[in-house]
Amino acid sequence: MNIGAVLVITLVSALITLFEWPRMNQKKEKMVFVLITVSGWLLSVVLVFYSTIPGPNILIEILFRPLGKLLDK
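When you line the sequence shown up against this note's numbering, it's residues 223 to 295, in that order.
Given below as structure tokens:
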């Protein structure tokens with residue numbers, strides 16, 4: 223099942239790239255597109271295999287918990 227999900231994610235990423243690539247003219251735009259697409263693909267694949275990774279809410283809670291305690295006083 224995991225391999226199938228990775229294949230679907232890869233297929234969707236490839237289709238998005240094939241659809242958007244010809245419309246881009248500048249080298250910077252293409253570099254940013256590749257960076258964002260590869261980052262999104264990598265995060266998606268990691269979430270397929272390790273679905274228990276804590277979300278960004280946990281990090282925000284850890285960072286702002288001391289501030290919340292300070293404001294409650």
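Note that CB positions come from ideal geometry on N, CA and C, so glycine has one too.
All figures in this text were calculated on a predicted structure; none of them were measured in a lab.
Assigned with DSSP and collapsed to three states, Asn247 falls in coil, not helix or strand. Taking Pro288 as the centre and dropping the five residues before and after it, the same chain places no C-beta closer than 8 Å to its C-beta. Residue state for Gly290 is assigned as helix, using DSSP reduced to three classes.
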